[in-house]
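For the sequence shown, our numbering assigns the number 665 to the initial residue and increments by one for each residue that follows. Glycine residues also receive a C-beta, built at the ideal position from the N, C-alpha and C atoms.
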Amino acid sequence: MFSSQGNKCCVSDSEGDVCLWQVGLGSNFNKPIMSLKCHNKTTSDVAFVGSSSLIATGGHSSESRNVCLWDTLLPPRSSCVHAFTCHEHGCPALVYAPHHQLLISGGRKGEICIFDIRQRQLRHTFQAHDASIRCLAIDLEEDYFVTGSSEGDVKIWALDAHQLILSFQGEHSKSTFFRNMGSASGVTQVAVSPGHHLFSCGVDGSMKFRALPERDSIVRYWTS
Numbered sequence: 665m666f667s668s669q670g671n672k673c674c675v676s677d678s679e680g681d682v683c684l685w686q687v688g689l690g691s692n693f694n695k696p697i698m699s700l701k702c703h704n705k706t707t708s709d710v711a712f713v714g715s716s717s718l719i720a721t722g723g724h725s726s727e728s729r730n731v732c733l734w735d736t737l738l739p740p741r742s743s744c745v746h747a748f749t750c751h752e753h754g755c756p757a758l759v760y761a762p763h764h765q766l767l768i769s770g771g772r773k774g775e776i777c778i779f780d781i782r783q784r785q786l787r788h789t790f791q792a793h794d795a796s797i798r799c800l801a802i803d804l805e806e807d808y809f810v811t812g813s814s815e816g817d818v819k820i821w822a823l824d825a826h827q828l829i830l831s832f833q834g835e836h837s838k839s840t841f842f843r844n845m846g847s848a849s850g851v852t853q854v855a856v857s858p859g860h861h862l863f864s865c866g867v868d869g870s871m872k873f874r875a876l877p878e879r880d881s882i883v884r885y886w887t888s
């Protein structure tokens, strides 16, 4: 994950660690500028929150502090500035909406949590899928966000109204023909292009492309 300025890169791993690299001419790529133990079971996803110094992590901790905010300018022992108790079975995916200053997280039981970063509180939660949410994406205008599940389903939700806009059931096969994929299943990644094109990848080895309705049509869908 790169910061919006493109000057930092953050990587998480299954051991619960997150490493941060400075990117650019003259940078030392052999050693991260910071390494954090973020979750004591696993860290599944990371997102830059606003500036390149504040990051959010999603993972699994024994105390259910599964979504955390970290200030990378502080010493490692005091860098966790807030921890949300949520997603009892862990948080595999995060996405940040900078204009709304909202952090969206997906849980292993298919639930979505939406956090107000300014107030540091949970704003809304709802059930999006019957299976684990594997990935999240948001459009540039922040009108809607996309969820991909381990069952292979892809859904599009209104950010403000939290309503389902579109659903693509079985967009990707639940099973995989790849070896050494571990517990991965269904949808592995989703992305929305500036032209409102939806891209999704799955463990079935496919990448799918869909042209979504025009923005005005999508907005009218849930406001009519």
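Outcome for residue i when other beta-carbon atoms lying within 10 angstroms are tallied against a minimum of 16
i, result
"SER668", "exposed"
"GLU878", "exposed"
"GLU782", "Checking the sequence, you will find Arg at residue 782 rather than Glu. By the neighbour-count rule (16 or more Cβ atoms within 10 Å), ARG782 is not buried but exposed."
"HIS763", "exposed"
"PRO739", "exposed"
"LEU737", "exposed"
"SER888", "Reliability fails at SER888, whose pLDDT of 40 lies under 50, so the model's placement of it is uncertain and no value is given."
"VAL745", "exposed"
"PHE779", "buried"
"HIS753", "exposed"
"PHE712", "buried"
"PHE748", "buried"
"ILE697", "exposed"
"LEU689", "exposed"
"GLU727", "exposed"
Residue from the options whose Cα sits closest to the Cα of residue i
i, options, result
"GLU806", "VAL759, SER743, ARG772 and GLU775", "VAL759"
"LEU823", "ASP677, GLN833 and LEU800", "LEU800"
"HIS861", "ASP803, TRP685 and CYS777", "ASP803"
"LYS672", "SER717, PRO739, ASP709 and LYS701", "SER717"
"GLY834", "PRO756, VAL745 and ALA795", "ALA795"
"SER870", "SER857, LEU876 and LYS838", "LYS838"
"VAL731", "SER831, CYS777 and GLY688", "CYS777"
"CYS755", "GLY816, ASP868, VAL710 and PHE873", "VAL710"
"PHE873", "GLY850, SER849 and PHE832", "PHE832"
"THR852", "ALA792, THR721, ILE797 and HIS826", "ILE797"
Boundaries of the beta strand (DSSP E) in which residue i is found, first to last residue
i, result
"CYS918", "Here the chain comprises residues numbered 665 to 888, so residue 918 is not present and cannot be evaluated."
"HIS746", "744-749"
"MET698", "698-701"
"GLN785", "785-791"
"ILE778", "775-780"
"LEU895", "Examination of residue 895 is not possible in this model, given that the chain is present from 665 through 888 alone."
"PHE809", "808-813"
"SER849", "Per DSSP, SER849 belongs to no beta strand (DSSP E) and is neither H nor E."
For residue i: DSSP bridge partner residues
i, result
"LEU718", "ASP735"
"PHE693", "Partner(s): none; PHE693 has no beta bridge."
"CYS683", "VAL675 and SER699"
"SER864", "VAL854 and LYS872"
"LYS819", "THR811 and SER831"
"VAL710", "THR721"
"ARG891", "For the chain, the structure presents residues 665 to 888; residue 891 sits outside this window and is missing."
"GLY770", "ALA757 and ILE776"
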